[in-house]
Amino acid sequence: MGQSKNPLDGVNDDSPDDSDEFLSKSEDGKKGKSIYEREDDYRRQRLKQRLSPERHDFFSGKTPLPEERTFADVMKENEISKNRSEVSKYISKHGITKEMKEVMEENKKSKRRTQRLEADRWDTIDDNFDPGVNTRKINEYVVDLDGTTPGYAQTPGYGQTPGYGQTPGFGDIEGLEKKKVSRWDKTPAMEGATPSETPFGYGITTPLTPQIVVPETMLKFRISTSEDPNRYMTDEELDELLPVEGYEIVPPPHDYQPYRKPSSYTYATPHFTIPEDVRKPYDIPGTPSILQDVEIRAEDQQFFAKLFDDATEDDLTSDEITERRIMALLLKVKNGTPPLRRQALRLLTSKAREFGPAALFNQILPLMMQSTLQDQERHLIVKVIDRILFKLQDSVRPYVHKILVVIEPLLIDEDYYARVEGREIISNLSKAAGLATMIGVMRPDIDHPDEYVRNTTARAFAVVASAMGVSSLVLFLKAVCQSKKSWQARHTGIKIVQQISILIGCGVLPYLRQLVEIIAHGLRDEHQKVRTITALALAALAEASAPYGIEAFDPVLRPLWKGITEHKGKGLAAFLKAIGMIIPLMDPYYANYYTREVMLILVNEFSTPDEEMKSIVLRVVRQCVATEGVTAEYIKSDLLVPFFHKFWIVRNSLDRKNSELLVETTVEIAQKVGAATVLARLVEDLKDPSEPFRKMVAQAIEAILISNVRTGGVNEVLELEPRLEELLVDGMLYAFQEQVTDDSGALLDSFGTLIHVLGVRVRPYLPQITGLVRWRLGTQSARTRQQAADLISKIAPVMRLCGEEQMLCHLSLYLFEYLGEEYPEVLGSILGALKSIVSVVGTSQITPPIKDLLPRLTPILKNRHEKVQENVIELIGRIADKGGDLVSPREWDRICFDLIDLLRANKKSIRRATVNTFGYIARCIGPHDVLSTLLNHLKVQERQLRICTTIAIAIVAETCLPYSVLPAMMNEYKIPDQNIQTGILKALCFMFEYIGEMSKDYIYSIVPLLEDALMCRDLVHRQTAAWTCKHLALGVFGLNCEDALIHLLNYVWPNVFETSPHLTQSVFDALDGFRVSLGPSIIFNYTLQGLFHPARKVREAYWRVYNNLYLGHQDALVPLFPLIREGHENRHQSHELLYMM
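Letter by letter, the sequence shown follows residues 1 to 1141 of the UniProt record's numbering.
Structural data, given as structure tokens:
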């Protein structure tokens, strides 16, 4: 068993951190190809858990069959496993004591007495006979208690047989009483004098004993004959058979070919040669036709082996056919293309009840346990489980434990999204199976001997509590936490409370007093690990309920206070954490008192070498300092000196987690005692020889300055002494120059924040800063040049604020000379710096002039590096926005052609910048040239390029007003090309979404086009036209365009019966838009005719429309309902005047 990763985890000898913080520790590390490769040893224990057989469903109303496992069977197995584990641990640690010997001997005697009743006469054993005096048998293995080698005693020869007494058993047993003579005990009479030893002719003698002794010569003979019988004889064997002298070894003739008789049995491993014919990687022999489009990997061969055999459906039973169908669908989900995957997922979901839970889970759950599974594959399989859980509902009850064995490890996975998926699955499972089933299934795992099982069970119980309500589990938690039978049960119950508070946060407030009372006794538990987890649970409850609920913690304040004076190590850390989380809940007076008392212990722990203890101490200090009752004078006098002396050391900068906590704690202290006091203590460390320490100091200075600005304390920063300002700037420059690692973002951000906060007061230092930047731009190191360019991007706005436009123009000239940079990362930073200068200086004053700068940028558009593409497109967009008239239209046309290719970029920000740049260029030179370029790209086959082109057309229309673009778009729609027409419709959809109320001027001109699209046989045309109608309707709301909208509604309404998911969604979105613009009464008139239609599919569509209508206009529907008059049965009427008003 490994050492606990978290010293505060009471019982968990192998468990990671009790809080969820540990789960993100290794997310920054290198991830392997499969999940197994990136997991640590603790998480790999999931593969050791076995999928238990199905359990009997007590809610089915049926009597359990003998072969079905019930709750009692599981509890018995768990008890046996627990006892075996405890005995083996005790024996391995302490050996076998005298008391244990007596108990085991008594158990052996009682067992022998029971066996004697069924024994024959020759089996009869005397009561006084006890062969277990010197030996002990545990788990069917003989263990010698005296240290001697166990085994049979030597059987004497013929002349040494001790009369007709009982044959000796284990060990040397003397003084046995003679028993009644049995015929089976008699030694047969032997004629003649038989010697006591019988020669066997192999050079040894064999005693007459029951043992089977294999002679050495016979053993050699067996070994020699166990080899290949057809092998050639060696020279040594031939010398033994034939005389050595008188014979000569004759070599065989050169043309001799020995005859090889074919044998029916091949001893050597056959060699297989791959045929010469070219096959696809997945086109292996035996692959069924349904899997020809699925990639078959090597690791899939074993699990999906049944899919590749030669069996036909005639040779298989119905269950085997169902099993193979499920396997094929799972393989499509796992390795198929997106369309194939969606199809397989829909089939598995729709046929879940037809397949049955047994067939589904017997294939899905073992697949989840495969060690070769990857993150994406696991995500897809979890999605399958989620879908079929929704379909199967309560029929999953016998398989709840099997599902939990597979899903619970997700709760402690490194990936955040995997943990979210695990919680979602367990939540849905608890709703499907019910609370009683979940408790009955997970109850045996609460005191399971394996800590891994208890840890995951506690987290799963917390998810069940959040899904079913904490109040439904309170009584169960009370019984578990107060269990006297097992300390493991108490520990797990208290950990469930901790996980509940972590999971639901402030939602624990209604149950806070109950939960605290349930676990309060754990602070006085006899077991150290229970006390530790209780303190951690109280800390989690206090953190979740902050700043409320101090009254609920009154019963535990005294035990906690007593605990911090009695415990050490892990226990002390847990109690300190609990105190630190409870103090912020107190009134200022009591908070000040408790802080002063607990700070004495905290200061003593400042110098602890334990990293986890440092983490706890820093958290507690941060909580105490932030409390209202703690004064700045107390912090300055008692805390500040030891804090900086013990914590601000190089060692703490090497641990990322503790360095972040240290920075946060320092920021809290700075807010309490003032930023100048803390900055004065930190500024000298900016010149420390250790780069990680300098980086941590710079991050702390940045965080202090930002927090001061957010709290409105800008004046305090401006009131810094001139000497402190000089030290800050000088220290930042030194740290910036001396960095050698590639990660320069932290120092750049810190330097930029310092420059922005100082504002105009940084002007005396700008010559020094710009001189340093110019020098670093000319160095040979690419990383140094990149850092200099990034620094220009940070300080350009401040230089403009200080009136240093001339200095910025000189820097832009330097950057212009380096546009031929060969390293793309450096070139991207140079372009970013130029973009910042153009933004603050403008296009008229910048040097070199824009007419010289833009031609140098055009070739860079062909660079395929993402950083270069994004920065150069944004720079061209700034130039087009601020000084487009300084460049000839011909140059802008060339740039438009180059920008078209960038619409297919993989990065979304590049596509967005390209589309926006098209809008700036269109506003600069007019929309016609740009629009003609974009419309030509609607003919391409690549869908992503067409979508980005339509967005660009819509932005051009918004920028240059729709009247300049709409005639060309409507004319282009006449071309009978599906891609072009779909692109025009999508561009119209985006355009009406962007222009909003301006749609009023164009709705009547666009109605004929939408009529044609809504009557088209192509589903995509109708789908896109319906979304266009939605945005059009929302744009003209309240602008008196109801006649055109009603006309379009008549074309949209027949599509409510379509079955395509995307078309159905677009139609109902359009109806919602019409509902907003036309009002509920008109839509209600359309709906009434089908609410009670005899066809179910018709009713479903109309009731869906009515439900949306009811949700959106519940009060407006009141006058639309028919009137029911008294005394007139079955006469319901509604006047037209009533609902038209």
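Think of the CB as a built atom: it goes at the ideal place given N, C-alpha and C, for glycine as much as any other residue. Computed from a predicted model, the values in this text were never measured in an experiment.
Of the residues E106, V838, F1057 and P1061, the one placed nearest G1090, counting alpha carbons only: F1057
Under three-state DSSP, which class holds L935? helix
With DSSP collapsed to three states, give me the class of P1122. coil
> When DSSP labels each residue in this structure, what does P849 get in the three-state scheme?
Replying inline: coil
**Prompt:** Which of helix, strand or coil does DSSP assign to C1016?
**Reply:** coil
Examine the Cβ distances between the region 734-749 and the region 687-707 and report whether three or more of them are shorter than 8 Å.
-> yes
- Query: Can you tell me the Cα-Cα spacing of A880 and L811, whole angstroms?
  - Reply: 21 Å
Roughly how many angstroms separate the alpha carbons of L1120 and Y1086, rounded to a whole number?
12 Å
Discussion item. Rounded to the nearest angstrom, what separates Y973 and P1094 at their Cα positions?
Written reply: 41 Å
Checklist entry - Can you tell me the Cα-Cα spacing of F1037 and D929, whole angstroms? => result 34 Å
- Quick one: Cα of G2 to Cα of I407, how far? In this prediction, G2 scores a pLDDT of 39, lower than 50, which makes its location untrustworthy; the coordinate-derived value is nonetheless stated afterwards. Distance between the alpha carbons of G2 and I407: 24 Å.
For this session: Could you round the C-beta distance between R923 and C896 to whole angstroms and report it? I think they count as a contact, below 8 Å.
Result: Not a contact, Cβ separation roughly 13 Å.
**Prompt:** Are I35 and L410 touching if we call contact CB-CB under 7 Å?
**Reply:** no
>> Suppose contacts are defined by Cβ-Cβ distances below 7 Å. Is V480 in contact with G469 by that definition?
In response: no
### Query
Taking Cβ positions, are A788 and R800 nearer each other than 7 Å?
no
> Considering only C-alpha positions, which residue in the set I500, L733 and V1007 is nearest to D1043?
Replying inline: V1007
State buried or exposed for E804, treating a residue as buried only when at least 16 other CB atoms are found within 10 Å of its CB.
buried
Problem - Same chain only: Cβ atoms within 7 Å of N1050, ignoring 5 sequence neighbours per side - result: none
#### Entry: Inter-residue Cα distance where the pair is residue 1186 and V625
This structure does not reach residue 1186, given that the chain is present from 1 up to 1141, and the question cannot be answered.
Could you give the first and the last residue of the continuous alpha helix (DSSP H) run that contains V625?
E611 to A626
Mind checking whether L360 and A344 have CB atoms under 7 Å apart? no
#### Entry: Cutoff 7 Å; reference E664; Cβ partners in own chain excluding five residues on either side
R622
- Task: Say whether the region 523-533 touches the region 500-510, bearing in mind that this needs 3 or more beta-carbon pairs closer than 8 Å, one atom from each stretch.
- Result: no
Item to complete: Within the same chain, show all residues whose beta-carbon is closer than 8 Å to that of S909, passing over the 5 residues directly before and after it, in chain order.
Response: E870
Looking at the unbroken alpha helix (DSSP H) that takes in R710, where does it start and where does it end?
E691 to R710
### C-beta atoms of T595 and V641 nearer than 7 Å
no
>> Quick check: what's the CA-CA separation for F816 versus I830?
In response: 8 Å
Problem - Beta-carbon proximity of W1103 to S1066, cut-off 7 Å - result: no
Quiz item: Going along the chain, which residues of its own chain have a beta-carbon closer than 7 Å to the beta-carbon of T753, five neighbours each way excluded?
Solution: E702, L705 and I706
With DSSP run on the structure shown, which of helix, strand or coil describes G731? helix
Quiz item: Quick one, which of N979, L1063 and A436 has its alpha-carbon nearest L938's?
Solution: N979
message: Since T349 and R387 should fall inside the 8 Å C-beta cutoff, what is the C-beta to C-beta distance between them, to a whole number of angstroms?
response: 4 Å
- Helix or strand or just coil, what does DSSP make of G842? coil
- Return the chain-ordered list of same chain residues with a C-beta closer than 7 Å to the C-beta of K687, the five sequence neighbours on each side being excluded. G731 and Y734
First through last residue of the alpha helix (DSSP H) which encompasses D415:
Note, D415: premise wrong, no alpha helix (DSSP H); not H, not E.
> Which of the three DSSP states, helix, strand or coil, is assigned to P764?
Replying inline: helix
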